[in-house]
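*Asks:* Each residue of the sequence shown is one higher than the one before, starting from 1 at the first, in full-length UniProt numbering. In this text, a Cβ means the ideal position worked out from N, Cα and C, and glycines have one as well.
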Amino acid sequence: MAGLYRPRKASEWATCAVAVLLILLGLPLLIMGAELALLGGSLYYVVAGAAIIAGGILMLMGSVAGAFLYLLAWLLTWPWALWEVGFDGWGLLPRLLGPTLIAVLVVLTIPVLRRLQKTSLAQKGIA
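1. Could you give the DSSP three-state label for Y5: helix, strand or coil?
2. Which class does F87 belong to by DSSP, given the choice of helix, strand or coil?
3. Determine the direct distance from the alpha carbon of A67 to that of L30, and round the result to whole angstroms.
4. If A73 sits next to G55, beta carbons under 8 Å apart, how far is it from one beta carbon to the other, in whole angstroms?
5. Quick one: Cα of L101 to Cα of L108, how far?
6. Give every residue of the same chain whose Cβ lies closer than 6 Å to the Cβ of L60, excluding the five residues on either side of it in the sequence, and list them in chain order.
7. Note down, in chain order, each residue of its chain lying with its Cβ closer than 8 Å to the Cβ of L21, except the 5 sequence neighbours on either side.
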């Protein structure tokens with residue numbers, strides 16, 4: 001995947017929108033997470049922000065790896081959230097609800113990304 005794909009169908013536009021959403025949500029996590037880390041806080045936000053941004057960029061390039069990278073970051077958010085607040089439901093809610101809702105959107109993009117990736121490989125004569 002050398003560059004960005006050109007969305008043609010509604011599902012591809014929706015996938016593109018989810019990828020842009022990931023980038024826009026990852027940027028403040030990375031930037032403010034770096035500020036927090038410099039003050040002695042958790043590095044979680046820096047790592048999560050970087051992974052989310054990279055996932056969004058890979059998705060914009062039509063790679064299913066971007067979706068899986070976000071899902072890995074989401075999966076690792078769960079133990080971090082439990083470590084931070086334990087099993088306090090009100091403490092877990094802001095840490096897990098948003099990322100989980102976005103994970104649902106990302107899962108819905110996987111078939112589109114697989115199709116894009118398969119089409120790209122076929123055009124290159126690889127598949």
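*Replies:* The structure says:
1. As a first step, residue 5 is located in the sequence shown; it is residue number 5 there, counting from the start. DSSP places Y5 in coil when its eight states are reduced to three.
2. Counting from 1 along the sequence shown, the entry for residue 87 is found at position 87. It is coil, neither helix nor strand.
3. Indexing the sequence shown from 1 puts residue 30 at position 30. Indexing the sequence shown from 1 puts residue 67 at position 67. Taking the straight line joining both Cα atoms gives about 18 Å.
4. As a position in the sequence shown, residue 73 is number 73, starting the count at 1. As a position in the sequence shown, residue 55 is number 55, starting the count at 1. About 7 Å; that satisfies the 8 Å criterion.
5. Locating residue 101 in the sequence shown gives position 101, where the first residue counts as 1. Locating residue 108 in the sequence shown gives position 108, where the first residue counts as 1. A straight-line Cα-Cα distance of about 11 Å links L101 and L108.
6. Counted from its first residue, the sequence shown places residue 60 at position 60. Counting only Cβ-Cβ distances below 6 Å, and skipping sequence neighbours, we find L4, A19.
7. Translated into the one-based positions of the sequence shown, residue 21 becomes position 21. Sequence-distant Cβ neighbours of L21 in its own chain, meaning closer than 8 Å and more than five residues away, are G56, I102, L105.
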